[in-house]
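Colleague: Numbering (our numbering), first residue to last: 7 to 121. Each residue gets a CB set at the ideal place from its N, CA and C atoms; glycine is no exception. Could you have a look at this structure, given as structure tokens, before my questions?
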Amino acid sequence: MKDWANVVAYACALPDVEEGTTYGKPAVKLRGKMLAATTAPDPGSFVLHVPLDQKEVLLETDPETFWETDHYRGWPAVLVRYGTPARDRIGVLIQRAWWDRASLKQRAARGGDRP
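So this is what it looks like as structure tokens:
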């Protein structure tokens, strides 16, 4: 993802995702729950909801793209740098964030298989 506009375009292509705010900053949400937001401490990054076990793998395998600060340690969110070659991987993670926030009905309408 080269910038926030790309994140929004990708996320909003998923069912029922809407633009909104989190802590007064732009975000994309499903059912009122944040998928991604511009609340990162660095303007060259955004925050993405990810499961904690997956977060550790991301931080270890691609520190050029994924990082965290003490503020996000222990929380199911990772900081993602814009403009890295990991566009496809980030897209899958946005889909996973959607899945984690979706209702059973929304999941079934999408085929019922986790990304």
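Of all the options W104, K39, V63, R93, which has the alpha carbon lying nearest to the alpha carbon of T27?
Modeller: Closest option to T27, Cα to Cα, is K39.
Colleague: How about V13: is its C-beta nearer than 8 Å to some C-beta of chain B?
Modeller: Although the question refers to chain B, the structure presented lacks it and comprises just one protein chain.
Colleague: For W104 versus L58, is the C-beta spacing smaller than 8 Å?
Modeller: Going by C-beta atoms, W104 is not nearer than 8 Å to L58.
Colleague: DSSP three-state call for A114: helix, strand or coil?
Modeller: In the structure shown, A114 sits in a helix (DSSP, three-state: H, G or I).
Colleague: Contact between the region 71 to 88 and the region 49 to 56: three or more CB pairs below 8 Å?
Modeller: Counting Cβ pairs under 8 Å, three or more are found: they touch.
Colleague: For A83, name the three-state secondary structure that DSSP assigns.
Modeller: A83 falls in the strand class under three-state DSSP.
Colleague: Hey, E25 and V14 are a contact pair by Cβ (cut 8 Å); roughly how many whole angstroms apart?
Modeller: That pair is a contact at about 6 Å.
Colleague: Just list the alpha helix (DSSP H) runs in the region 24 to 56, keeping only unbroken ones of 4 residues or longer that don't cross its boundaries, in chain order.
Modeller: Correct list: empty.
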